[in-house]
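Q:
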Ligand code: GRF
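Residue numbers (the numbering used here): 49 to 269.
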């Protein structure tokens, strides 16, 4: 049994992950509604994708705000006005403050193009190639106060091939992102995602997905 969850999607770029969400909704594999797409960059391709799908958009330029908290407060106000229950960072290139995280506690999901905790921050694919890893991938996680440090929900892996450059690796990872993010959102809609507080043996919150086998390299189905 799944409920239709109401999403606010934040994006700064081309919005292919947003498109994956919109496509999954259209195909009936994701029980969600995108209430609004917020971009901090006026030219973000994500805005066109939203408009093409009939989804409301808002441009909130961070450069017009005195500081991060003021910007975050404006984005929170927009999301609340649109009724967003969950927030998805789909290529949103801003670090969120507690103003935002306190408004949506454990309700903000990010997709990152690396197997966290390796290679957080920007240029993850470049970092992975420079390090010489043989397996790369993507991570969907809850957002906390750190940069790409929040509790991990799911990960998907791809090989790093000998001739890879940053762009070829980026594309291989991206195609897995487009599978993983809608899948995790559907788990959320099905109320299968449970955040377990830190136990005696673990210093951090961890996520359990009910009814899914735990998996190291590939997201559970
Ligand atoms: C993706 O690689 C995502 O993991 C990262 O930013 C990129 C956004 O791509 N956070 P797109 O805008 O969804 O195409």
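For every residue, glycine included, the Cβ atom is placed at its ideal position computed from N, Cα and C. Keep in mind the model is a prediction, meaning the values are calculated, not measured.
1) For residue 87, which residues from the same chain have a beta carbon less than 8 Å from its beta carbon, with the 5 sequence-adjacent residues on both sides left out?
2) Does the distance between the C-beta of residue 157 and the nearest non-hydrogen atom of the ligand GRF fall short of 7 Å?
3) For residue 157 versus residue 124, is the C-beta spacing smaller than 8 Å?
4) If you follow the beta strand (DSSP E) that residue 189 is in, where does it begin and where does it stop?
5) Determine whether the beta carbon atoms of residue 244 and residue 252 lie at a separation below 8 Å.
6) Output the residue ranges of the beta strand (DSSP E) runs that lie fully inside the stretch 113 to 177 and measure 3 residues or longer, sorted by chain position.
7) Does the distance from the CB of residue 66 to the CB of residue 230 come in under 8 Å?
8) Among all the DSSP beta bridges, which residues are the ones paired with residue 244?
9) Since residue 183 and residue 208 are thought to touch, with beta carbons under 8 Å apart, how far apart are those beta carbons, to the nearest angstrom?
10) My output table needs one value for residue 200: the three-state DSSP class, helix, strand or coil.
11) Restricting to Cα atoms, I'd like to know which of 133, 202 and 126 is closest to residue 152.
12) Can residue 34 and residue 186 be called in contact, C-beta distance under 8 Å?
13) Let me know if residue 210 comes out buried or exposed under the rule of 16 or more other beta-carbons within 10 Å of its beta-carbon.
14) Assuming residue 89 and residue 70 are in contact, meaning their beta carbons sit under 8 Å apart, how far apart are those beta carbons, in whole angstroms?
15) Hey, residue 232 and residue 220 are a contact pair by Cβ (cut 8 Å); roughly how many whole angstroms apart?
16) Look up residue 269 in the DSSP assignment and say whether it is helix, strand or coil.
17) Thinking C-alpha only, which one of 72, 171, 149 and 256 is nearest residue 141?
18) What does residue 105 pair with, by DSSP beta-bridge criteria?
19) Tell me residue 55's beta-bridge partners as DSSP assigns them.
20) Relative to the C-alpha of residue 260, which residue among 202, 248 and 161 is closest?
21) With distances taken from CA atoms, which of 165, 179, 154 and 73 is nearest residue 101?
A: According to the structure shown:
1) Working through the chain shown from its first residue, we reach residue 87 at position 39. Answer for residue 87: 58, 59, 60, 94, 95, 105, 106, 107 and 108, listed in chain order.
2) Within the chain shown, residue 157 is the residue found at index 109, counting from 1. Flag unset: Cβ of residue 157 not near the ligand GRF.
3) Position 109 of the chain shown holds residue 157. Position 76 of the chain shown holds residue 124. Contact: no.
4) Numbered from its first residue, the chain shown carries residue 189 at position 141. Residues 183 to 190.
5) Within the chain shown, residue 244 is the residue found at index 196, counting from 1. Within the chain shown, residue 252 is the residue found at index 204, counting from 1. No; because the gap between Cβ atoms is not below 8 Å, this pair is not in contact.
6) 134 to 137 and 156 to 160
7) Looking up residue 66 in the chain shown gives position 18. Looking up residue 230 in the chain shown gives position 182. No, the Cβ-Cβ distance between residue 66 and residue 230 is not below 8 Å.
8) Counting from 1 along the chain shown, the entry for residue 244 is found at position 196. Paired residue(s): 254.
9) Locating residue 183 in the chain shown gives position 135, where the first residue counts as 1. Locating residue 208 in the chain shown gives position 160, where the first residue counts as 1. Confirmed, about 7 Å.
10) Within the chain shown, the letter at position 152 stands for residue 200. Looking at residue 200 - three-state DSSP - the assignment turns out to be strand.
11) Locating residue 152 in the chain shown gives position 104, counting from the first residue. Out of 133, 202 and 126, 133 has the C-alpha closest to the C-alpha of residue 152.
12) Since the first residue shown for the chain is 49 and the last is 269, residue 34 is missing from the structure and cannot be characterised.
13) Mapped onto the chain shown, residue 210 falls at position 162. Residue 210 comes out exposed.
14) Position 41 of the chain shown, counted from the start, is the residue given in the question as residue 89. Position 22 of the chain shown, counted from the start, is the residue given in the question as residue 70. So it is not a contact: roughly 19 Å between Cβ atoms.
15) For this step, residue 232 is matched to residue 184 along the chain shown. For this step, residue 220 is matched to residue 172 along the chain shown. Incorrect: roughly 19 Å between the Cβ atoms, too far for contact.
16) Mapped onto the chain shown, residue 269 falls at position 221. Summary for residue 269: the model assigns pLDDT 40, below 50, so the residue's position carries little reliability, and this model does not support an answer.
17) Against the chain shown, residue 141 aligns to sequence position 93. Ranking 72, 171, 149 and 256 by Cα distance to residue 141 puts 171 first.
18) As a first step, residue 105 is located in the chain shown; it is residue number 57 there, counting from the start. DSSP, once it has assigned bridges, lists 85 as partnering residue 105.
19) Here residue 55 corresponds to residue number 7 of the chain shown, with the count starting at 1. Beta-bridge partners of residue 55 (DSSP): 82 and 134.
20) The residue labelled residue 260 in the question sits at position 212 within the chain shown. Nearest C-alpha to residue 260: 202.
21) If you number the chain shown from 1, residue 101 lands on position 53. Checked all of 165, 179, 154 and 73; the closest Cα to residue 101 is 73.
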